[in-house]
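In the numbering used here, the protein residues as written are 1 to 82.
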C-alpha cells in the first residue's frame, strides 16, 4: 500500500497540481477505487479468457466439420470422375 499510496499522491499532483498527503481522506478513497478497479479488471480478464477458450473450442469443432465435408466432397469428385 505504501508504494501504491505514493504513486497515487504523485499522480494526483502531476495531473492536478494539488498536493495530498498520506492522512488526506481523499487518498483513502483513491486507494480503494484503484483496488476496486484492479479487481474488476482481473475478474473481467478471467471471464474473457474463459469466453476465448470456449470460442476456440467451438472454432476447432467447426474447423473439423469443414475438413470432414471437404474430404467427402473430394471423394465424391473422384467417384464422379471415374
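Glycine included, every Cβ here is placed at the ideal spot set by N, Cα and C.
Distance CB(residue i)-CB(residue j) smaller than 7 Å
i	j	result
residue 12	residue 20	yes
Where the alpha helix (DSSP H) through residue i begins and ends
i	result
residue 9	2 to 16
residue 68	25 to 81
Expected contact under 8 Å - CB spacing of residue i and residue j to nearest Å
i	j	result
residue 8	residue 34	7 Å
Could you check whether the region 71 to 81 touches the region 36 to 49, counting it as contact only if at least three pairs of C-beta atoms, one from each stretch, sit closer than 8 Å?
no
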